[in-house]
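> So that we are looking at the same thing, I have put the structure below in structure tokens.
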Amino acid sequence: MLLLRHIAYYQAMNTPLVAPRKDTNQGSLAIVGMGMTLGSHLTPLSRSHIEQADVIFAGLSDNIVEQWLERLHPDVRSLQPYYQEGKSRRKTYEEWVELMMTEVRAGKRVCGVFYGHPGIFAWSPHKVIEVARAEGFQAHMEPGISAEDCLYADLGIDPGTVGCQHFEAGQLLFYERRIDPSAYLVLWQVGLVGDRSLARFTTSGAYRQVLVDVLSKDYPLDHEIILYRAVTLPIQKPRIRRIALRDLPHVDVPTEETVILPPAAPLKPNREIRERLAALDKLEKEASPA
């Protein structure tokens, strides 16, 4: 079962660094990203943290990736069994934090290995680092290649051309967010959209219809959208489907798939600001020595 990460409610985690204790059996924590594709995305530094750790906690995309990790370290403890249908994911993630901190407090060098980038759509990695630092332990995060990185490569999207907005899909339903239809819009966890319990693994097409109703305020219903899934094994190819926005409630959307809405409107020139900039250019040119 693919691990589910839900960040419907981000929390500020600006815990100040605390000087580590002086005892010789000091535990430590490293949170690293495995990347999306087995083997090829793991950085040398992250691999070093894995190999030098006393214990590994694994939050990975599937059992094959987990088995590959077990070849790098003899003590890999899967976090997947803590998921249960009907159990709040928030409780599961709190359990993950306590599992890792128990070993850190015991003086172990702990490494948490998460698929993709360990800090993206991942409450537990940020929280366990916050807790470890607050208790005086050394703790840090190493980045990894995320689904977002793969998305840009597989779909040929450059976010620097017209801009790119990212939202956890539920935020568009739970909050009043401003969408810019002249930029790309990337929606994460559409397969769970509308879930307020944090205890379900999927929601039905009726919930996606609510999302479509919200999006239809800025996009025509026949606007082509993209459903995308990055590869996790080198033998796979990315899954890319193109459908009309109106059809989103009627197709299966697994949690690991991301929905991308290409721009539906051209960029609108800001003539007032352009005139101000032109005036500044003129002043600087006049003030410069001949």
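Count along the sequence shown from 1, add 4, and you get the number used in our numbering. Every residue gets a Cβ at the ideal spot worked out from N, C-alpha and C, and that includes glycine. Everything numeric in this text was worked out from a predicted model, so none of it was measured.
Take histidine 121 and list the residues in its own chain whose beta-carbon comes closer than 6 Å to its own, dropping the five residues that flank it on each side.
Your numbering for residue 121 matches position 117 in the sequence shown. Excluding residues within five positions, the ones whose Cβ falls inside 6 Å are Gly37, Pro147, Gly148 and Ser150.
> Buried or exposed, going by whether 16 or more other CB atoms sit within 10 Å of the CB of proline 293?
In the sequence shown, residue 293 corresponds to position 289, counting from 1. With fewer than 16 Cβ atoms within 10 Å of its Cβ, proline 293 is classed as exposed.
> What three-state label does DSSP hand alanine 138 in the structure shown?
Counting from 1 along the sequence shown, the entry for residue 138 is found at position 134. Reduced to three states, the DSSP call for alanine 138 is helix.
> My understanding is that valine 214 touches leucine 265, with C-beta atoms under 8 Å, so please give their C-beta distance in whole angstroms.
Stepping through the sequence shown from its first residue, residue 214 is reached at position 210. Stepping through the sequence shown from its first residue, residue 265 is reached at position 261. Contact doesn't hold; Cβ gap of about 16 Å is too wide.
> Extract the residue ranges of the alpha helix (DSSP H) inside the region 66-129, only unbroken runs of 4 or more that lie entirely within it.
Segments of the alpha helix (DSSP H) lying fully in the region 66-129: 67-74 and 93-109.
> Label glycine 39 either buried or exposed according to how many other C-beta atoms from any shown protein chain fall within 10 Å of its C-beta, with 16 as the threshold for buried.
Stepping through the sequence shown from its first residue, residue 39 is reached at position 35. Label assigned to glycine 39: buried.
> Please give the ranges of any alpha helix (DSSP H) in the region 140-164, keeping only runs that are unbroken, at least 4 residues long and fully inside the region.
Entirely contained in the region 140-164, the alpha helix (DSSP H) runs reaching 4 residues are, in chain order, 151-159.
> Can you give me the C-alpha to C-alpha distance between lysine 26 and isoleucine 60, rounded to a whole angstrom?
Translated into the one-based positions of the sequence shown, residue 26 becomes position 22. Translated into the one-based positions of the sequence shown, residue 60 becomes position 56. For lysine 26, the pLDDT reaches just 43, beneath the cut-off of 50, and the residue's location in the model is therefore unreliable, although a value from the coordinates is still provided. One C-alpha to the other measures close to 24 Å.
> Should glutamine 193 be labelled buried (16 or more other beta-carbon atoms within 10 Å of its own) or exposed?
Start at 1 with the first residue of the sequence shown, and residue 193 comes out as number 189. So glutamine 193 ends up on the buried side.
> Check for me: the alpha helix (DSSP H) holding glutamine 169 runs from which residue to which?
Residue mapping note: residue 169 aligns to position 165 of the sequence shown, counting from 1. Per DSSP, glutamine 169 belongs to no alpha helix (DSSP H); it is in the beta strand (DSSP E), 168-172.
> Excluding sequence positions up to five away, which residues of its chain have a Cβ less than 6 Å from the Cβ of threonine 237?
Position 233 of the sequence shown, counted from the first residue, corresponds to residue 237. Residue identity check: residue 237 is leucine in the sequence provided, not threonine. Result list for leucine 237: Leu42, in chain order.
> Am I right that valine 108 and leucine 33 are in contact with their C-beta atoms under 8 Å? What's the rounded C-beta distance?
One-based indexing of the sequence shown puts residue 108 at position 104. One-based indexing of the sequence shown puts residue 33 at position 29. So it is a contact: roughly 5 Å between Cβ atoms.
> Tell me, which residues are paired with alanine 34 by DSSP?
Taking the sequence shown and counting its residues from 1, the one referred to as residue 34 is at position 30. Paired residue(s): Cys115 and His144.
> Please classify leucine 225 as buried or exposed, where buried requires at least 16 neighbouring CB atoms within 10 angstroms.
Working through the sequence shown from its first residue, we reach residue 225 at position 221. Leucine 225 is exposed by the Cβ-count criterion.
> What's the call for threonine 96, buried or exposed, on a 16-neighbour Cβ count within 10 Å?
Reading the sequence shown from its first residue, position 92 is the one you call residue 96. Threonine 96 is buried by the Cβ-count criterion.
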